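As structure tokens, then:
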């Protein structure tokens, strides 16, 4: 079944891109009259199209008509994204600090006795 406005012959967009599409028409070519739809058919088609478009919209409070629902949805998204980013940055910084401690920790530990001696042997 064709939807409203569909071309029964198909689309020739790829042919139009390379110079145009000019089909050969028979000598006794009679153009077809466009199909006339009644108002009730047109309304039914539009209602079905609206229902299909609304079904594609995600169910989230970000597009709620109520202000407080939108505000809490934005806050929730912000909070969760901050939490995820914070956990990732914290994990990376922890790994870097452990690596630096392993690399430079032995050298600093070797300096402690000499620092104690220079400060008077605490």
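Numbering (my numbering), first residue to last: 45 to 166. In this text, a Cβ means the ideal position worked out from N, Cα and C, and glycines have one as well. For clarity, every value in this text was computed on a predicted model and none was experimentally measured.
Exercise. If residue 117 and residue 105 are in contact, beta carbons under 8 Å, what's the gap, nearest whole angstrom?
Worked result: 4 Å
Exercise. Going along the chain, which residues of its own chain have a beta-carbon closer than 6 Å to the beta-carbon of residue 150, five neighbours each way excluded?
Worked result: none
Problem set entry | CA-to-CA distance, residue 148 to residue 111, given in whole angstroms | 54 Å
Exercise. So, using beta-carbon positions, are residue 11 and residue 108 closer together than 8 Å?
Worked result: Nothing about residue 11 can be read from this structure; the chain reaches only from 45 to 166.
For this session: Pick helix, strand or coil for residue 97, following the three-state DSSP scheme.
Result: helix
Exercise. Roughly how many angstroms separate the alpha carbons of residue 146 and residue 119, rounded to a whole number?
Worked result: 40 Å
Problem set entry | C-alpha distance - residue 121 paired with residue 135, whole-angstrom precision | 21 Å
Exercise. Does the ligand COA have even one heavy atom less than 7 Å from the beta-carbon of residue 158?
Worked result: The ligand content of the structure shown is nil, which means the ligand COA is not present either.
Exercise. Between which two residues does the alpha helix (DSSP H) harbouring residue 145 extend?
Worked result: 111-162
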